[in-house]
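Q: Please see the structure below; I have some questions.
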Amino acid sequence: SRSGPVGKGLTADDARAAAKLSRLKEPAQVIFFPTDSTPPLALPAIFDRARQALPDGARVWLVGGSVRDALLNRPVHDLDFAVVGDGLSMARTVANRLGAAFFPLDESRGTGRVVVIENDQRFYLDFAALRGDDLNTDLAARDFTVNAIAIALDGRVLDPMGGQADLKSKVLRLCGPSSIADDPLRALRAVRLAAQLDFRIERGTREAAREAAPLLANVSPERVRDEFMIMLGGRKPAASLRALDSLGLLSLIVPELSALKGVAQSAPHIHDVWQHTIAVVDYLEDMLAVLGRAHDVDAASEYALGYAAARVGRYRNEIADHLETELSVGRSSRSLLFLAALLHDIAKPQTRAAEADGRVRFLRHENLGAAAARDRAIALRLSSDEVERVAAVVAHHMRPALLSQGEAVTRRAIYRFFRAVASAGVDVCLLTLADLLGTRGVELGRDEWAARVDTVVALLDAYYKQPEQIVRPPALISGGDVMALGVPQGPRVGELLEAVREAQAAGDVSSREEAISLVARLREGESSTD
């Protein structure tokens with residue numbers, strides 16, 4: 023059932039007016055009931071407001087993913103309009119009438135954007151000039167049939183490409199034989215949409231994507247980045263990566279991954295490096311499902327995931343907030359975490375060494391891997407903050423495993439961990455759990471799993487509950503205080519201040535006097551060895 027104001031009318035205006043009279047203070051949602059067999063279409067109220075803000079006589083249709091999602095009864099946030107005439111001027115008019123922001127997107131193609139904030143939600147309304155002479159020509163030039171459906175302003179659904187039938191069959195099909203060749207990025211989009219919508223890619227579309235794979239080199243790195251990162255941050259990233267690999271696309275985006283295939287590992291690993299990498303992405307997806315705000319109860323029924331949910335789940339809201347954070351507009355930290363998981367063992371092929379007893383080691387692969395991950399993130403045109411986040415996760419992904427090998431992790435060790443990784447520590451904590459599951463699989467022992475989870479809980483406890491006590495202790499003394507004790511200006515001042523902070527985190531120092539006393543003792547020790 024639908025909540026909110028209820029009103030009926032032969033037109034959207036009549037229905038909206040009736041709804042407003044019913045409940046004056048609540049926002050109205052326009053639901054179209056077409057006269058044909060098309061199911062009712064639920065569109066956000068901003069669609070009706072935008073429709074009313076259009077210039078008189080405007081010839082405009084709602085098109086693209088917003089129509090697809092409305093037909094699938096999925097939430098609609100972004101609206102794409104195809105217009106006869108100049109989309110830029112129409113977008114500017116709508117923005118002025120709505121009191122919203124206007125941005126030109128592509129002046130050469132007459133495309134403008136209106137950004138509306140309503141009920142704490144941000145909506146993007148894009149207006150683009152028709153491609154071709156009429157609407158049918160425009161729709162035929164689109165990527166997939168499910169994205170080539172239009173809604174007229176009176177609610178009529180226009181579907182010349184048969185997209186509704188493919189929606190019903192859950193099939194992703196190209197609009198035409200040259201659709202991917204016209205824009206090779208559509209090969210990536212096919213994989214992303216199939217995962218996002220839980221559709222299958224029909225055979226002809228798969229073959230066209232495979233044939234057009236080499237043409238991906240002609241697409242700008244920024245467009246490839248955007249499609250790839252949305253894919254990593256969306257549904258079924260592991261399945262998407264497998265699909266990209268089978269179509270010959272993944273090696274064009276991350277060439278380093280090809281070298282992972284067939285690189286054997288000794289126990290406790292049960293996979294080669296490539297299979298392990300994909301398994302880690304798979305397990306990370308499962309882990310985030312049980313640690314999300316609305317956690318997956320069925321997934322948590324598996325012992326390892328259930329144990330992690332019970333112990334780490336106390337921070338599910340904080341973890342969700344962290345993963346939703348954007349270091350660059352439109353790209354979530356979740357997508358960066360999955361990229362780091364994909365790259366975490368990227369340097370194993372060049373560090374592989376077999377010992378006399380048959381054991382295989384990969385010494386310093388995390389350090390060399392961080393450099394390789396940084397280079398790949400730069401090539402993907404990520405921002406500097408994103409590059410450093412991915413590199414930090416790769417560089418330190420082994421640390422929790424080392425911390426879990428001994429007794430309970432100490433406050434000093436926790437401080438050193440977060441000193442090295444900062445906010446990326448949350449990502450490292452999540453990755454280490456997936457990494458261990460991807461290493462041992464069903465052979466994972468409960469004691470080893472409990473030790474790793476306990477380490478993660480200790481780290482997150484400190485990060486979220488005791489940040490000023492353990493993670494980021496406030497300064498008790500200054501550089502001037504240190505120099506007053508006879509330390510000359512220079513690097514040693516900073517080293518002594520850091521020694522004080524570490525002692526604070528460990529619980530050995532808690533006052534200014536104790537901090538000065540510690541510096542004095544350290545200075546005495548240095549003097550005795552001079």
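For the sequence shown, this note's numbering begins at 23 and goes up steadily by one. For each residue, glycine too, the CB sits at the ideal point set by N, CA and C.
1. Per DSSP, what kind of secondary structure is Q74 in: helix, strand or coil?
2. Under DSSP, the alpha helix (DSSP H) around T115 begins and ends at which residues?
3. Given P496, which residues of its chain have a CB within under 7 Å of its CB, disregarding the five upstream and five downstream residues?
4. Could you pull the start and end residues of the beta strand (DSSP E) that V137 belongs to?
5. D68: buried (16+ other C-beta within 10 angstroms of its C-beta) or exposed?
6. Who are the near neighbours of V312 in its chain, counting only those whose CB is closer than 6 Å to its CB and skipping five residues on each side?
7. With H, G and I counted as helix, E and B as strand and the rest as coil, what does DSSP make of S242?
8. Quick check on S570: does DSSP put it in helix, strand or coil?
9. Say the cut is 7 Å; is the CB of L385 nearer than that to a heavy atom of the ligand FAD?
10. Shortest alpha-carbon distance to D343 belongs to which of R333, R315 and R543?
11. With three or more C-beta pairs closer than 8 Å as the rule, is the region 123–136 touching the region 168–177?
12. Tell me which same chain residues have a C-beta within less than 6 Å of the C-beta of L306, skipping the five on either side of it?
13. Tell me the DSSP secondary structure of V82 in three-state form.
14. Which word fits I275, buried or exposed, when buried means at least 16 other C-beta atoms lie within 10 angstroms of its C-beta?
15. Can the beta-carbon of G185 be found closer than 8 Å to that of A162?
16. Let me check one thing: in DSSP terms, what residues is A376 bridge-paired to?
17. Which runs of the alpha helix (DSSP H) fall wholly inside the region 168–236 and span at least 4 residues, in chain order?
18. Reducing DSSP to helix, strand and coil, say where S88 ends up.
19. Across which residues does DSSP place E348 in a beta bridge pair?
20. Within 8 Å (strictly less), CB to CB, does H298 reach chain C?
21. Quick one, are the C-beta atoms of L481 and V416 less than 8 Å apart?
22. If we count Cβ pairs, one from each stretch, closer than 8 Å, do we get three or more for the region 277–296 versus the region 237–248?
23. Can you grab the Cα-Cα spacing for the pair Y329 / G467, in whole Å?
24. Decide if the region 366–381 is in contact with the region 469–486; the criterion is three or more beta carbon pairs, one per stretch, under 8 Å apart.
25. Alpha helix (DSSP H) containing F440: first to last residue?
26. Use the C-beta contact count for L507: other C-beta atoms within 10 angstroms, 16 or more gives buried, fewer gives exposed.
27. Do A216 and A231 have their C-beta atoms within less than 8 Å of each other?
28. Let me check one thing: in DSSP terms, what residues is D156 bridge-paired to?
29. Pick helix, strand or coil for L269, following the three-state DSSP scheme.
30. What is the residue span of the alpha helix (DSSP H) that A473 lies within?
31. Over what stretch of residues does the beta strand (DSSP E) that includes R144 continue unbroken?
32. Which of the three DSSP states, helix, strand or coil, is assigned to D102?
33. Let me confirm a value: Q427 is counted as buried when at least 16 other C-beta atoms fall within 10 Å, else exposed. Which label applies?
34. Which value, in whole angstroms, describes the spacing of the CA atoms of D308 and R211?
35. Could you tell me the distance, in whole angstroms, from the CA atom of A401 to the CA atom of A369?
36. What did DSSP end up calling P126 once you bin it into helix, strand or coil?
A: Judging by the given coordinates:
1. Along the sequence shown, read from residue 1 onward, the residue named residue 74 stands at position 52. If DSSP states are grouped into helix, strand and coil, Q74 belongs with the helices.
2. In the sequence shown, residue 115 corresponds to position 93, counting from 1. Per DSSP, T115 belongs to the alpha helix (DSSP H) from G109 to L120.
3. Reading the sequence shown from its first residue, position 474 is the one you call residue 496. Excluding positions up to five away in sequence, the list reads E490.
4. The count along the sequence shown starts at 1 and reaches residue 137 at position 115. It spans T133 to E140 - the beta strand (DSSP E) in which V137 sits, taken as one unbroken run.
5. Along the sequence shown, read from residue 1 onward, the residue named residue 68 stands at position 46. First, the residue type needs correcting, since residue 68 is Ile and not Asp in the sequence shown. It is buried - the Cβ of I68 has at least 16 other Cβ atoms within 10 Å.
6. Your numbering for residue 312 matches position 290 in the sequence shown. Correct list, in chain order: D318, A321, A322, L327 and A331.
7. In the sequence shown, counting from the first residue as 1, residue 242 sits at position 220. Reduced to three states, the DSSP call for S242 is coil.
8. There is no way to answer for residue 570, as the model of the chain reaches only from 23 to 552.
9. The model on display carries no ligand, and the ligand FAD is accordingly not part of it.
10. Looking up residue 343 in the sequence shown gives position 321. Looking from the CA of D343, the closest CA among R333, R315 and R543 belongs to R315.
11. As far as the Cβ criterion goes, the region 168–177 does not touch the region 123–136, which means the pair count is below three.
12. As a position in the sequence shown, residue 306 is number 284, starting the count at 1. Contacts found: A363 and A456.
13. Along the sequence shown, one-based indexing puts residue 82 at 60. Strand.
14. Locating residue 275 in the sequence shown gives position 253, counting from the first residue. Classification for I275: buried.
15. For the purposes of this step, residue 185 is taken as the residue at position 163 of the sequence shown. For the purposes of this step, residue 162 is taken as the residue at position 140 of the sequence shown. Going by C-beta atoms, G185 is not nearer than 8 Å to A162.
16. Taking the first residue of the sequence shown as position 1, residue 376 is located at position 354. A376 is bridged by DSSP to V382.
17. Entirely contained in the region 168–236, the alpha helix (DSSP H) runs reaching 4 residues are, in chain order, 185–191, 201–204, 207–219 and 225–234.
18. Residue numbering aside, residue 88 sits at position 66 when the sequence shown is read from its first letter. Looking at S88 - three-state DSSP - the assignment turns out to be helix.
19. Translated into positions along the sequence shown, residue 348 becomes position 326. Beta-bridge analysis with DSSP links E348 to S354.
20. Looking at the structure shown, chain C is missing, and only one protein chain is on hand.
21. The count along the sequence shown starts at 1 and reaches residue 481 at position 459. The count along the sequence shown starts at 1 and reaches residue 416 at position 394. No. Outside cutoff.
22. The region 277–296, when compared against the region 237–248, does not touch it at the 8 Å Cβ threshold.
23. Position 307 of the sequence shown, counted from the first residue, corresponds to residue 329. Position 445 of the sequence shown, counted from the first residue, corresponds to residue 467. The alpha-carbon atoms of Y329 and G467 are separated by roughly 13 Å.
24. Per the Cβ contact rule, the region 366–381 is not in contact with the region 469–486 (fewer than 3 Cβ pairs under 8 Å).
25. As a position in the sequence shown, residue 440 is number 418, starting the count at 1. F440 -> alpha helix (DSSP H) spans R433 to V443.
26. Stepping through the sequence shown from its first residue, residue 507 is reached at position 485. That one is exposed.
27. Start at 1 with the first residue of the sequence shown, and residue 216 comes out as number 194. Start at 1 with the first residue of the sequence shown, and residue 231 comes out as number 209. Going by C-beta atoms, A216 is not nearer than 8 Å to A231.
28. The count along the sequence shown starts at 1 and reaches residue 156 at position 134. BP columns for D156 are empty, so no partner.
29. Within the sequence shown, numbered from 1, the residue matching residue 269 stands at position 247. Residue state, collapsed to three classes: coil.
30. Reading the sequence shown from its first residue, position 451 is the one you call residue 473. From DSSP, the alpha helix (DSSP H) with A473 extends over R468 to K487.
31. As a working note, residue 144 is residue 122 in the sequence shown. Residues Q143 to A151.
32. The residue given as residue 102 occupies position 80 in the sequence shown. Here D102 sits in strand by DSSP.
33. As a working note, residue 427 is residue 405 in the sequence shown. Burial is judged here by how many other beta carbons sit within 10 angstroms of a residue's own beta carbon; Q427 has fewer than 16 and is exposed.
34. The residue you call residue 308 lines up with position 286 of the sequence shown. The residue you call residue 211 lines up with position 189 of the sequence shown. The alpha-carbon atoms of D308 and R211 are separated by roughly 23 Å.
35. Mapped onto the sequence shown, residue 401 falls at position 379. Mapped onto the sequence shown, residue 369 falls at position 347. So the two alpha carbons sit approximately 17 Å from each other.
36. To locate residue 126, count along the sequence shown from 1; it is residue 104. If DSSP states are grouped into helix, strand and coil, P126 belongs with the strands.
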